[in-house]
Amino acid sequence: MPTNVKSDRRYTKDHEWAMASDGAVQVGITAYAVEQLGDITLVNLDVKEGDLVAEGKAFGTIESVKTLSDLFAPVSGKVTKINKDLESKPELVNDDCYGAWMIAIEAPASSIDGLLDAKAYEDLVASLDH
Amino acid sequence: MVPFAGYELPVQYAGLVEEHRAVRSAAGVFDVSHMGELELDGPGAAAVVNELITNDAAKLVNGQALYTCACNERGTILDDLIVYRRSAGAWLVVCNASNREKIAGHFAAAAKGRCNFADVSDATALIALQGPRALAIAGAVGGPDLSGLKSFHFAKATLAGVAVTASRTGYTGEDGLEIFCANADAPQLWRALLDAGAVPAGLGARDTLRLEARLSLYGNDIDETTNPLEAGLAWVVKLDKADFVGKRALVEIKEQGLARRLVGFEVTGRGIARHGYPLQDASGAVIGTCTSGSPGPTVGKNIGLGYVPSALSAIGSPFVVDCRGRPAEAVVVKTPFYKRAI
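Chains as they are written, first to last, in numbering that gives the first Met the number 0: chain S, 0 to 129; chain W, 0 to 341.
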């Protein structure tokens, strides 16, 4: 299966992506996660702007027809923005999962250095697909 | 693939919603060979079968089947079954894979000294061909014209060169067939059905299709803690027939009145009900449990089934689904959620 992974960001083993820019880290889910979930019908963000999230802790859930999955923060910090569009248009995640960010966390670019790079994440996905 | 009752079952092929829509608009094919097949033969078989089920098999003719529950002495549900009358002395019982050992044991014990019993599940494949194009596809693979085969009737046939028993039954709310054949012949039949245009469909679509049609799933909506009367299955409980296992208890349950009922509901708030979620009243008190729930791809709503107190079970009754701490408003609605145009 061809994996759709972008080299401009980092990844978690829970299939979130994290992209650093301007002192913040945007968070979304990967193409692999979308493929596993299928048609996404609901994105629930349990945080609002100004809340603190902790690395590895759930900040919301994403649901498809088939199932639901927790969304985990890849880094710790203060939530600076949430993507309100996803509340009414969860299908945006299906359409463009690397554009449909969910939250932005105030954190330095170096905070994502410890996450998986594109190659490591590709290898992880490849290991799950047999 | 997910493991289920000793089988590896596909949750989806191309995608759940795509498969769901294919079954509603054209035809899908499901490998449900995990289902259990039990045979009872001999002059005593009819009586044995009818003593173990809540519906009345005495009214069946050769080549006819019925949906039923099998209960225990407490009147709760051991399994839901389809019982097929091949002839007065030859019966087939199809049970859920997860209950196969229990039901095989139950029927074998009752059959002892009265008729022959055989569990032929391991030798039998079952392929469900479902959807408005199902019969056309059966014809396209060389089958006979089955349009005269009535609902819940079955017949021997040859499809794709394979000797089968084709039954006008299903678990999707659509027209279609459930096709029994020998294991060794199943791949040939399966490939021919796909070549003729049937879309392979997995467990995920099977679940959303059956939920929209309000067909019970054993282990979710019904089990040994639920009785058929409260589960909305009174139509398969014939209290006026001769004695059967569970009859006394069910008569008592009916006389006492039902404390709770399985209702269909629509989530009108923001949320998707899932199996096991608590149902609450406006004050937050738990009134019941969601037994099945998901978005309904055809009905376009988030739907579910759950047990609520009888007093709160009328159509239009509001309640709240506790979606992992997020309350979502819901309302009891008429079921089935989806009914095909005939």
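Ideal placement from N, C-alpha and C gives every residue a C-beta, glycine not left out.
- Residue pairing from DSSP places residue 293 of chain W in a beta bridge opposite W:302.
- Contacts with chain W at 7 Å (Cβ-Cβ) do not include residue 44 of chain S.
- Listed in chain order, the alpha helix (DSSP H) elements of length 4 or more contained wholly in the region 211–269 of chain W are 246–255.
- By DSSP's assignment, residue 149 of chain W forms no beta bridge with any residue.
- Annotated as distal: residue 211 of chain W and residue 257 of chain W, with beta-carbon spacing of 7 Å or more.
- With a threshold of 7 Å between beta carbons, residue 341 of chain W makes no contact with chain S.
- Counting of Cβ neighbours within 10 angstroms places residue 51 of chain S among the exposed residues, the total staying below 16.
- Rounded to the nearest whole angstrom, the C-alpha separation of residue 221 of chain W and residue 158 of chain W is 34 Å.
- Residue W:192 holds the alpha-carbon nearest to the alpha-carbon of residue 140 of chain W among W:173, W:192, W:113.
- Using a Cβ distance threshold of 7 Å, residue 263 of chain W and residue 304 of chain W count as a contacting pair.
- Between residue 38 of chain S and residue 63 of chain S, the C-beta gap is smaller than 7 Å, which places the two residues in contact.
- If you draw a straight line from the Cα of residue 231 of chain W to the Cα of residue 173 of chain W, it comes to about 20 Å.
- Exclusion of the five residues before and after residue 33 of chain S leaves 39, 92, 93, 96 as the residues of its chain whose Cβ lies within less than 8 Å of its Cβ.
- With respect to the 7 Å criterion, residue 302 of chain W and residue 333 of chain W are not classified as neighbours on the basis of their beta carbons.
- Membership of residue 186 of chain W in the alpha helix (DSSP H) is indicated by the continuous run 185–194.
- Two segments are said to touch when three or more pairs of C-beta atoms, one from each, lie closer than 8 Å; by this definition the region 67–80 of chain W does not touch the region 143–155 of chain W.
- Put simply, the backbone Cα of residue 242 of chain W is about 29 Å away from that of residue 149 of chain W.
- Per DSSP, residue 23 of chain W is one residue of the alpha helix (DSSP H) stretching across 15–24.
- Shown here for residue 317 of chain W: same chain residues with a beta carbon closer than 6 Å to its own, the five before and five after excluded, namely 330 in chain order.
- In the assembly as shown, residue 2 of chain W is an exposed residue. Its beta-carbon has fewer than 16 other beta-carbons within 10 Å.
- Residue pairing by DSSP puts residue 179 of chain W in a beta bridge opposite W:125, W:164.
- Looking at the DSSP output, residue 199 of chain W shares a beta bridge with W:28.
- A check of alpha carbon separations from residue 146 of chain W across W:160, W:176, W:126 identifies W:176 as the nearest.
- Around residue 311 of chain W, the same chain offers 286, 318 as residues with beta carbons nearer than 7 Å, after the five sequence neighbours per side are excluded.
- For the 7 Å CB-CB criterion, residue 214 of chain W and residue 170 of chain W form a contact.
- For residue 80 of chain S, the uninterrupted beta strand (DSSP E) run begins and ends at 76–81, by DSSP.
- Just so you know, the alpha carbons of residue 306 of chain W and residue 224 of chain W end up roughly 12 Å apart.
- Shown here, residue 276 of chain W sits in coil according to DSSP, grouped into three states, outside any helix or strand.
- Out of W:240, W:166, W:138, the CA that lies nearest to the CA of residue 160 of chain W is found in W:138.
- By the Cβ test, the region 119–136 of chain W is in contact with the region 179–194 of chain W, since at least three Cβ pairs between them sit closer than 8 Å.
- For the region 40–69 of chain S, the residues whose beta carbon sits under 9 Å from a beta carbon of chain W are, in order, 40, 41, 43, 45, 60, 62, 63, 64, 65, 66, 67.
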